[in-house]
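J.: One structure, pasted below without further comment.
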Amino acid sequence: MGYQVTAEANLNHDLSRCAGIRVDVTGNCNLRCPYCINDFSGIRGNTLMDSMIFERVVRILPLLLPDGELLFSCFFEPTLHPRFLEFLEHVPLEFRRQAAFTTNLGKPLSEQFFEKLSRLELHHINVSLDSLSLEVFEEMRKGARFSVFQQNLDKLVDAFSKAPDSPQLHFITMLSKLNLEEIPELVKSCLEKFGPSRHEVRAIWMTEEIATRPWIQEKAMTLEDSLRLRESLENAPPHVELVYDLHRNPDSYTPFPVSSEVGYQGFLSTLNDPNLIHLHTVPLPLILRITSDGKLGFLMPEPGVSLDLNGLEDPYDSVKQIVYLQNLNIARAKLLQNAVRSSLELKRLNTINEWLRDKCLKLKSIRRGSPGCLDDLRPINGQIDGRMQMTYLASGWAGDIQAAGPANEVVLIASQGRKRWAVAIQQPEFERPDVVRATSNPRFLYSGWKAQLHLEPLLDKLPGRFRLAAYVLDSNSRKAFMLEGSHDVLLG
Ligand code: SF4
Numbered sequence: 091m092g093y094q095v096t097a098e099a100n101l102n103h104d105l106s107r108c109a110g111i112r113v114d115v116t117g118n119c120n121l122r123c124p125y126c127i128n129d130f131s132g133i134r135g136n137t138l139m140d141s142m143i144f145e146r147v148v149r150i151l152p153l154l155l156p157d158g159e160l161l162f163s164c165f166f167e168p169t170l171h172p173r174f175l176e177f178l179e180h181v182p183l184e185f186r187r188q189a190a191f192t193t194n195l196g197k198p199l200s201e202q203f204f205e206k207l208s209r210l211e212l213h214h215i216n217v218s219l220d221s222l223s224l225e226v227f228e229e230m231r232k233g234a235r236f237s238v239f240q241q242n243l244d245k246l247v248d249a250f251s252k253a254p255d256s257p258q259l260h261f262i263t264m265l266s267k268l269n270l271e272e273i274p275e276l277v278k279s280c281l282e283k284f285g286p287s288r289h290e291v292r293a294i295w296m297t298e299e300i301a302t303r304p305w306i307q308e309k310a311m312t313l314e315d316s317l318r319l320r321e322s323l324e325n326a327p328p329h330v331e332l333v334y335d336l337h338r339n340p341d342s343y344t345p346f347p348v349s350s351e352v353g354y355q356g357f358l359s360t361l362n363d364p365n366l367i368h369l370h371t372v373p374l375p376l377i378l379r380i381t382s383d384g385k386l387g388f389l390m391p392e393p394g395v396s397l398d399l400n401g402l403e404d405p406y407d408s409v410k411q412i413v414y415l416q417n418l419n420i421a422r423a424k425l426l427q428n429a430v431r432s433s434l435e436l437k438r439l440n441t442i443n444e445w446l447r448d449k450c451l452k453l454k455s456i457r458r459g460s461p462g463c464l465d466d467l468r469p470i471n472g473q474i475d476g477r478m479q480m481t482y483l484a485s486g487w488a489g490d491i492q493a494a495g496p497a498n499e500v501v502l503i504a505s506q507g508r509k510r511w512a513v514a515i516q517q518p519e520f521e522r523p524d525v526v527r528a529t530s531n532p533r534f535l536y537s538g539w540k541a542q543l544h545l546e547p548l549l550d551k552l553p554g555r556f557r558l559a560a561y562v563l564d565s566n567s568r569k570a571f572m573l574e575g576s577h578d579v580l581l582g
């Protein structure tokens, strides 16, 4: 029970509910976009969801959190299902108001279809629109005809403008070298012509398989392209959102073809701790996915379980149980993530403090053109030795000593006279577009670091005045190179 309370507090919600339910009512798509997440070489035919499975899906909808999202599309095109609107009508209104779907509008659809859709009180519809130029559109949305898409979009906008509670219109634009220059004009024209509530401009979700596709190798945007785009959209209206990846998952951002070293390699991976897996797998929200043939599993986080709705007349209780267990797993993984991370940091700090004590770490002063600095140091409330005390958060950026790119490790060292103590260790992992602009080098994008000071090594000296400086650490040579921006500070 105690663990349940901690877990609920950690996740901030009822453990038997989930953040998302995604339902594919079809098992294929009418298009073959070259960047699609699907590898169509393994997909045959199109399994349409039947009404028995859909009925069972409706029974589990109360498991959705009140602010969760119900998406009637996940990997495939839902409008290919001839009974799609009938299915949506069957969803109780309270859940329809949380519902949305994504469509490529590539199949010819009638006025009646959009009129009916406009009255269903869904939350929103995502329309995929990569370009307003026929050639670019038809290359990026392979298999679609621009004229059909345009007619569908006009019918949709017309029908939605007439219905009082029509769904919001959202656009999703995928990025490639082909439409990069057009994007600022595209979002402006779409706003003027169609009045969307949101316009998502998205980088391609890169997997190992997608990265090997010839089209991707030629047409996917580079890190430099994405930085230029970011600048060109700096003054875009607030409904425009640039999505480079799923949020809070630094490992999944894979700019192609220039790769940037991000994540927790370096000192963390050398420790070979099995709990490290938790550093990568959380914290993602729990999302259920139901395929058109009735298989229910977790979209994320992996690994998922799989239930077959064909064999479960009323799946509510079984699904509630697995949602509950998976939420406990997520909460446990979150707790472990924090614990593992701080224990690894402390282990590493101990090693560096031993090096400092044994005088086998050479501290080098600032080099000319030294890449990086300690930008900011601010007090925050924290616990030291079980008591609430003031602690500090330091931040800055750091480049590697040998080559352009983020440093492997940054260590913060407090000094008093000739004595020195390592008080924080971090690997750069945060975005610093300002550094990229200032250095004109996109490889510094993930060079930002933030570190909370561990004042335990100084406990018998606190409160006390120290000089605090950040260093790039080169473990192989046991040398640490000081960054600009050291501070005199009263700690404790
Ligand atoms: S429309 Fe969507 S699902 Fe279909 S091929 Fe394109 S990206 Fe894939």
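Each number in this note's numbering corresponds to the 1-based position in the sequence shown with 90 added.
C-beta: ideal position from N, C-alpha, C; glycine also.
Given the structure is predicted, the values throughout are model-derived calculations rather than measurements.
Does the beta-carbon of Cys-450, which I'm using as the reference point, lie nearer than 7 angstroms to any heavy atom of the ligand SF4?
T.: no
J.: Give the DSSP bridge partners of Lys-509, in chain order.
T.: Gln-506
J.: What did DSSP end up calling Glu-331 once you bin it into helix, strand or coil?
T.: strand
J.: When you measure from the CB of Glu-167 to every non-hydrogen atom of the ligand SF4, does any distance come out below 7 angstroms?
T.: yes
J.: Quick one: grab the DSSP three-state call for Trp-305.
T.: helix
J.: Whose C-beta lies closer than 8 angstroms to the C-beta of Trp-445 among residues of the same chain, with five residues either side of it excluded?
T.: Leu-451 and Arg-568
J.: Is Ala-109 near Pro-375, with beta carbons less than 8 angstroms apart?
T.: Yes, they are a contact pair.
J.: Excluding sequence positions up to five away, which residues of its chain have a Cβ less than 6 angstroms from the Cβ of Arg-288?
T.: His-260 and His-329
J.: With DSSP as the reference, please indicate the residues paired to Lys-454 in a beta bridge.
T.: Phe-571
J.: Quick check: is any heavy atom of the ligand SF4 less than 7 angstroms from the C-beta of Asn-194?
T.: yes
J.: Mind checking Glu-282: buried by the 16 CB within 10 Å criterion, or exposed?
T.: It is exposed - the Cβ of Glu-282 has fewer than 16 other Cβ atoms within 10 Å.
J.: Rounded to the nearest angstrom, what separates Arg-173 and Ser-256 at their Cα positions?
T.: Arg-173 and Ser-256: Cα-Cα distance of roughly 20 angstroms.
J.: Let me know if Ala-167 comes out buried or exposed under the rule of 16 or more other beta-carbons within 10 Å of its beta-carbon.
T.: Residue identity check: residue 167 is Glu in the sequence provided, not Ala. So Glu-167 ends up on the buried side.
J.: Start and end of the beta strand (DSSP E) containing Met-264?
T.: In the DSSP assignment, Met-264 falls within the unbroken beta strand (DSSP E) covering 258-264.
J.: Pull up the DSSP beta-bridge partners for Gly-233, would you.
T.: Beta-bridge pairing by DSSP links Gly-233 to no other residue.
J.: Taking 7 angstroms as the cut-off, is the CB of Ser-218 close to at least one heavy atom of the ligand SF4?
T.: Annotation for Ser-218 indicates a beta carbon within 7 angstroms of some heavy atom of the ligand SF4.
J.: For Asn-128, is the beta carbon positioned less than 7 angstroms from some heavy atom of the ligand SF4?
T.: yes
J.: Are the beta-carbon atoms belonging to Gly-507 and Pro-553 less than 8 angstroms from one another?
T.: no
J.: Threshold first: 4 residues or longer. Then list the alpha helix (DSSP H) segments lying entirely within the region 521-568, N to C.
T.: 523-529
J.: Report all residues from its chain with a CB closer than 8 angstroms to the CB of Ala-570; omit the five preceding and five following residues, and keep chain order.
T.: Leu-451, Lys-452, Leu-453, Lys-454, Val-501, Ile-503, Tyr-561, Val-562, Leu-563 and Asp-564
J.: Taking 7 angstroms as the line, does the beta carbon of Arg-235 fall inside it for any heavy atom of the ligand SF4?
T.: no
J.: Is there contact between the region 148-162 and the region 117-132, where contact requires at least three CB pairs shorter than 8 angstroms?
T.: no
J.: Does the distance between the C-beta of Arg-303 and the nearest non-hydrogen atom of the ligand SF4 fall short of 7 angstroms?
T.: no
J.: For Thr-381, name the three-state secondary structure that DSSP assigns.
T.: coil
J.: Counting Cβ pairs closer than 8 angstroms, one from the region 481-493 and one from the region 519-538, do we hit at least three?
T.: yes
J.: Below 7 angstroms CB to CB, which residues in the same chain sit around Arg-209 once its five sequence neighbours on both sides are set aside?
T.: Residues Ala-253 of the same chain have their beta carbon placed closer than 7 angstroms to that of Arg-209, with the five preceding and five following residues left out of the count.
J.: Indicate, with yes or no, if the ligand SF4 has a heavy atom lying under 7 angstroms from the CB of Arg-186.
T.: Checking the Cβ of Arg-186 against the ligand SF4 gives no.
J.: To the nearest angstrom, report how far apart Glu-583 and Leu-389 are at their CA atoms.
T.: This structure does not reach residue 583, given that the chain is present from 91 up to 582, and the question cannot be answered.
J.: So, Ile-380 versus Val-113, is the Cβ gap smaller than 8 angstroms?
T.: Contact: yes.
J.: Taking DSSP's pairing of strands, which residues face Cys-108 in a bridge?
T.: Leu-154
J.: How about Cys-123: is its Cβ closer than 7 angstroms to a heavy atom in the ligand SF4?
T.: At least one heavy atom of the ligand SF4 is found less than 7 angstroms from the C-beta of Cys-123.
J.: Leaving out five residues before and five after Val-513 in sequence, what residues of the same chain have Cβ atoms less than 8 angstroms from its Cβ?
T.: Around Val-513: Leu-439, Leu-502, Ile-503, Ala-504, Leu-543, His-544, Leu-545, Pro-547, Leu-548 and Leu-558.
J.: Quick check on the DSSP output: the alpha helix (DSSP H) that includes Arg-209 runs from which residue to which?
T.: Element bounds for Arg-209: n/a, residue is neither H nor E.
J.: Using DSSP with H/G/I as helix, E/B as strand and the rest coil, what is Ala-253?
T.: Annotated three-state conformation of Ala-253 is coil, per DSSP.
J.: The ligand SF4 and Cys-164: does any heavy atom of the ligand fall closer than 7 angstroms to the residue's C-beta?
T.: no
J.: When every heavy atom of the ligand SF4 is checked, does at least one fall within less than 7 angstroms of the C-beta of Cys-463?
T.: no
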